[in-house]
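A.B. asks: Mind having a look at this structure? Questions to follow.
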Amino acid sequence: MLEDLEAGDIAATISSFYEKNGCIPPLKKSCLNVFEVNDFLDGLVGITTEDKQMFELKKMTKKCTVEDLNFLIRLIKGDLRMQAGSKPVLSALHPQAYEAFNSSRNVDKVIECVLTLRSNGDPRDL
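Position 56 of the sequence shown, counting from 1, maps to 56 under UniProt numbering, and the rest follow consecutively.
Here you go:
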């Protein structure tokens, strides 16, 4: 397990061991929906003791495939690893945001400019 953890991906490590465990067999087909996941995460926020958190996580794990658990752990950690490059992300903000970023290499300034344009209702050039 320590070797897996050294790779730096806790979600992949947990999923790998979940797949091989004998206590809680992973489901073959996903049956979770977005509402269940959202309710679980909302409930987890209000739980302050580790024992209760583990109890709720174990309950949820019984409803998960290996992929579901991997995604769930990433949601909990806030580490979705979408592998989206800067071009599609910046282009979604503003058509010229990627060009502005390439010129300045200052993503904070580019986002600040986009937000200023939006708040002023002026969608023109950056």
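Think of the CB as a built atom: it goes at the ideal place given N, C-alpha and C, for glycine as much as any other residue.
(1) By Cβ distance, which residues of its chain are closer than 7 Å to residue 91, with the 5 residues on each side in sequence left out?
(2) Between the Cα of residue 16 and the Cα atoms of 118, 60, 71, 47, which residue gives the shortest distance?
(3) Can you say whether residue 45 is buried or exposed, counting buried as having 16 or more other CB atoms within 10 angstroms of its CB?
(4) Counting only the same chain and skipping the five closest in sequence on each side, list residues whose C-beta sits under 6 Å from that of residue 53.
(5) Assuming residue 64 and residue 41 are in contact, meaning their beta carbons sit under 8 Å apart, how far apart are those beta carbons, in whole angstroms?
(6) What is the DSSP secondary structure of residue 74, counted as helix, strand or coil?
(7) Which residue from 100, 51, 43 puts its Cα closest to that of residue 87?
(8) In terms of alpha-carbon separation, which member of 104, 25, 29, 76 lies closest to residue 43?
(9) Please state if the CB of residue 26 and the CB of residue 36 are separated by a distance shorter than 8 Å.
(10) Could you tell me which of 111, 121, 34, 39 sits nearest to residue 89, measuring between CA atoms?
(11) How big is the Cα-Cα spacing for residue 21 and residue 14?
(12) For the alpha helix (DSSP H) that residue 102 lies in, which residues bound it at each end?
C.D. replies: Once the coordinates are examined:
(1) Mapped onto the sequence shown, residue 91 falls at position 91. Result list for residue 91: 97, 98, in chain order.
(2) Position 16 of the sequence shown, counted from the first residue, corresponds to residue 16. Residue 71 is the option with its Cα nearest to residue 16.
(3) Residue 45 sits at position 45 when you count from the first residue of the sequence shown. Exposed is the call here.
(4) Walking along the sequence shown from the start, residue 53 turns up at place 53. Within the same chain, residue 53 has close Cβ partners 47.
(5) Residue mapping note: residue 64 aligns to position 64 of the sequence shown, counting from 1. Residue mapping note: residue 41 aligns to position 41 of the sequence shown, counting from 1. No, residue 64 and residue 41 are not in contact; Cβ-Cβ is about 13 Å, not under 8 Å.
(6) Within the sequence shown, residue 74 is the residue found at index 74, counting from 1. Residue state, collapsed to three classes: helix.
(7) Sequence index remark: in the sequence shown, residue 87 carries index 87 (1-based). Residue 87 has its Cα closest to that of 100, out of 100, 51, 43.
(8) Numbered from its first residue, the sequence shown carries residue 43 at position 43. Closest by alpha carbon: 76.
(9) Position 36 of the sequence shown holds residue 36. Position 26 of the sequence shown holds residue 26. Contact: no.
(10) Against the sequence shown, residue 89 aligns to sequence position 89. Of the listed residues, the one whose Cα sits closest to residue 89 is 111.
(11) Here residue 21 refers to the residue found at position 21 when the sequence shown is read from its first residue. Here residue 14 refers to the residue found at position 14 when the sequence shown is read from its first residue. When rounded, the distance between both Cα atoms is 10 Å.
(12) By one-based count along the sequence shown, residue 102 stands at place 102. That run of the alpha helix (DSSP H) goes 97 to 104.
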